[in-house]
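Undergrad: The structure that follows is given in the form of structure tokens.
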Amino acid sequence: MNNSSIKERSIDLAGYQYPQPHYLQTRSRINYLIERYLSLEILQHNLSDLPRQFKNPRQRRWETIDWQAITSNQIIGVAPELFIATVANAVEIETPIRAYAKESWDYLQAVHFPMARFVGGTFAVDGTMLEVGIWEKEERQHRPTFSKIYQQLTGEKLQSHPNSVKGYESRGNLREDVYKHAIARISTEWGATSVYLWLMAHSTGALQQANRQVGASLSRNPCKTKSIT
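Last residue of the sequence shown: 803 (the working numbering), numbering continuous.
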């Protein structure tokens with residue numbers, strides 16, 4: 575392929591856009607997204623920003639989604655049925671956010687209350703919620719977004735079945751309990767992150783932009799566009 579044809583190739587949020595990308599091209603798009611949203615620089619920034627978030631929580635502002643512009647023709651490199659099934663799975667994963675947040679709050683409130691508040695908010699003595707955590711505010715927008723994507727692609731409303739959440743389980747060692755919960759939560763979030771990147775790599779146009787609104791939660795600071803050579 576000559577240089578002129580390379581320059582004319584369309585670029586979207588995942589780099590070069592291919593009508594029917596093969597494996598290596600899809601992997602290139604995923605790598606592009608990883609560098610754009612999950613680079614070491616961004617991860618370090620987010621980690622150093624956490625103490626400021628604890629003192630002055632700031633919710634991320636979502637961009638407007640053009641729902642009517644989303645079509646199944648914007649699915650690339652994978653069968654539409656598989657893409658739609660993955661969206662449906664994402665809805666179920668994201669459904670019990672209140673239970674997820676409360677579970678983490680129960681583990682964290684005794685060892686790091688600012689983080690517990692950031693994730694799950696604050697409660698009165700009688701258990702009444704006084705404040706919703708910033709993490710929960712962000713996460714509770716994911717399920718309706720994926721539900722709307724599913725409906726736009728299929729013309730049908732999804733009847734989701736939420737995951738079950740075990741809740742707080744004390745083994746008598748608070749340090750070990752918090753450690754095991756943190757590992758479980760990191761694994762869950764990494765799985766969700768992988769789904770977000772996969773959906774963005776296999777979509778373009780308005781569909782990709784809608785997926786980005788969820789995926790952008792991976793990076794709280796403005797992402798830098800990776801140069802393409």
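Glycine residues also receive a C-beta, built at the ideal position from the N, C-alpha and C atoms.
Report the CB separation of V739 from A673 in whole angstroms; it is logged as a contact under 8 Å.
TA: With a Cβ gap of about 4 Å, V739 and A673 count as contacting.
Undergrad: Could you tell me whether the stretch 619 to 631 touches the stretch 753 to 762, where touching means 3 or more Cβ pairs closer than 8 Å?
TA: Touching, no, given that fewer than three Cβ pairs across the two stretches are closer than 8 Å.
Undergrad: If we ignore side chains and look at the alpha-carbon of each, how far apart do N747 and Q733 end up?
TA: Near 40 Å, if we compare the C-alpha coordinates of Q733 and N747.
Undergrad: Mind checking who M774 pairs with in its DSSP beta bridge?
TA: Answer is none; M774 lacks a bridge partner.
Undergrad: What's the call for G589, buried or exposed, on a 16-neighbour Cβ count within 10 Å?
TA: The residue is buried, with at least 16 neighbouring Cβ atoms inside 10 Å.
Undergrad: What does F692 pair with, by DSSP beta-bridge criteria?
TA: According to DSSP, F692 bridges with nothing at all.
Undergrad: What's the C-alpha gap between V706 and E712?
TA: Approximately 10 Å, taken between the alpha carbons.
Undergrad: Nearest to N647 by CA position, among A675, V685 and A780, is which residue?
TA: If we check each option's Cα against that of N647, A780 comes out closest.
Undergrad: Just list the alpha helix (DSSP H) runs in the stretch 607 to 684, keeping only unbroken ones of 4 residues or longer that don't cross its boundaries, in chain order.
TA: Complete alpha helix (DSSP H) runs here, min 4: 614 to 629, 654 to 668 and 671 to 682.
Undergrad: Given 8 Å as the limit, is there contact between the stretch 756 to 771 and the stretch 649 to 659, that is, 3 or more CB pairs closer than that?
TA: Because the criterion of three Cβ pairs below 8 Å is not met, the stretch 756 to 771 and the stretch 649 to 659 do not touch.
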